[in-house]
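In the working numbering, the protein residues as written are 2 to 465.
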């Protein structure tokens, strides 16, 4: 009898406990629905996907109308920490009458996570998840890469982003059996040559259900090699005592070469009358004559050249016989050194030529030039220079034209009925000779034909 009563009491307790459990579950579900339904997100999605550097705001409001003045809304971040209202912060909150706005200015990679909207008493809560997508990024693929001539070289297109992009080389330059692409992103070049230098292009594609993007990245391959001489440089240069000289040492070099000049096995260094200036891909030497008005310059052409006493306006004055002889130029980079010898020899410029006007028109004068025996000299004439000016002008402002030997020596674009003064000098490997006797000629008047409105060139042969 006692066992039956005990069993009935246990069963009654179990039924009572089950009833209370059902009531508790209903209550919790009701509270949860209240917590979620009374907080409103704008935009409403509880999963937000944004790109890095994008600005984003989300508003949490309470509640359905009417507005409740007794509710203060907070935004909670990592570990439930309340986000402040400091506007200078990249993540901050601005309050409204019935809610709060969460600002991301801008979205960065490390702000990804769960954010909770809650009233101050934590009786209502609602959260959303922020997913940060990262755009295509080629930062780990250098835009300039260097390979040594004759080596084997690999170029990898490394790309980053979220979602993970797919990359491949789409332009690798001229086709070659030495060049191949492995697994789309590894560019392998065997026995690197200078023709392999240039731009290569990698393309990356990034896509998922929300985004579809692509980007391209150009990489320049620079092939490094030891210096080599630019072809057709002079190995023998002529000048005369007190004359000007041009010694040129020019190379093709990567990385750029540095230069040294030697004479009689001694380096040319800064000393009285000589100053050396070095810069990337260039070296400059300035040598002053005794009057310190005429200078010499050692200079490189674009990228990799060097001139000793280069320009007409800054000649190296050879005033002592010891200046003649062999000059050695050395060009050096990290891959090697080369040298060449330039022989500076004594020669003489051509003698003074003579000339006469052969034809005269209203806008031109044509000359006949005589070398006065210069053709029999050791250094033949290479060119003639004609300077000309109007009668009352100075030679400092004169015009100049250079003619190769055998050209038609004709000065054009002159004014009609104008007196011009001409002088002529011959040039050979040793330099320019003296000017000829001045020649004065007046151009003819322009005439009009009866059938044309434009001026007709009037030409008169000059009698011998």
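In this text, a Cβ means the ideal position worked out from N, Cα and C, and glycines have one as well.
Residue 240 has 347 as its beta-bridge partners, per DSSP.
By the beta-carbon neighbour count (other beta carbons within 10 angstroms, threshold 16), residue 398 is exposed. Linking residue 251 to residue 401 through their CA atoms gives a straight-line distance of about 28 Å. Residue 413 is not a Cβ neighbour of residue 443, given a cutoff of 8 Å. Within the segment 176-240, the complete beta strand (DSSP E) runs of at least 3 residues fall at 180-183, 187-190, 199-208, 213-230 and 237-240. With a cutoff of 8 Å on beta-carbon distance, residue 204 and residue 174 are scored as not near each other. Counting C-beta atoms within 10 angstroms of its own C-beta, residue 431 has 16 or more neighbours from the protein chains shown and is therefore classed as buried. Taking residue 72 as reference, the option from 167, 44 and 122 with the minimal CA-CA separation is 122. Counting along the chain, the unbroken beta strand (DSSP E) around residue 360 starts and ends at 355-362.
With fewer than 16 other CB atoms across the displayed protein chains lying within 10 angstroms of its CB, residue 176 is exposed.
Residue 183 and residue 191 have their C-alpha atoms spaced approximately 13 Å apart. For the pair residue 258 and residue 228, the Cα-to-Cα distance works out to about 7 Å. The alpha-carbon of residue 150 is positioned some 14 Å away from that of residue 334.
Only residues of its own chain outside the window of five on either side were considered, and among them 220 have a CB closer than 8 Å to the CB of residue 143, listed in chain order.
Between residue 340 and residue 195, the alpha-carbon positions lie close to 22 Å from each other.
By the Cβ-count criterion, residue 197 is buried, with 16 or more other Cβ atoms from all chains shown falling within 10 Å of its own Cβ.
Residue burial annotation: residue 424 is buried, with at least 16 other C-beta atoms found within 10 angstroms of its C-beta.
Annotation for residue 209: 164 place their beta carbon closer than 8 Å to its own, counting only its chain and skipping 5 residues before and after.
Counting of Cβ neighbours within 10 angstroms places residue 119 among the buried residues, the total reaching 16 or more. When the Cα atoms are used, residue 366 and residue 236 turn out to be separated by approximately 38 Å.
When secondary structure is reduced to three states using DSSP, residue 110 falls in the helix class. Taking the C-beta atoms as reference points, residue 43 is found nearer than 8 Å to residue 62. Excluding the 5 residues flanking it on each side, residue 199 has same chain C-beta neighbours closer than 6 Å at 174, in chain order.
The beta carbon of residue 403 is closer than 6 Å to those of 384 and 386 in its chain, skipping five residues each way along the sequence. By the beta-carbon neighbour count (other beta carbons within 10 angstroms, threshold 16), residue 437 is buried. By the neighbour-count definition (other C-beta atoms within 10 Å, threshold 16), residue 148 is a buried residue. Here residue 462 is bridged, per DSSP, to 360. Sorting 331, 368 and 350 by C-alpha distance to the C-alpha of residue 374 places 350 at the top. When the five nearest sequence neighbours on each side are left out, the beta carbons in the same chain lying within less than 6 Å of the beta carbon of residue 428 are those of 383 and 384, in order along the chain.
DSSP, reduced to helix, strand and coil, places residue 388 within a strand of the structure shown.
Residue 398 carries a helical assignment under DSSP once its states are collapsed to helix, strand and coil. In the three-state DSSP reduction, residue 161 falls in the strand class (E or B).
At the C-beta level, residue 115 and residue 105 stay beyond 8 Å of one another.
Counting along the chain, residue 329 sits inside the beta strand (DSSP E) bounded by residues 326-334. Looking at the DSSP output, residue 79 sits in no beta bridge, so it has no partner there.
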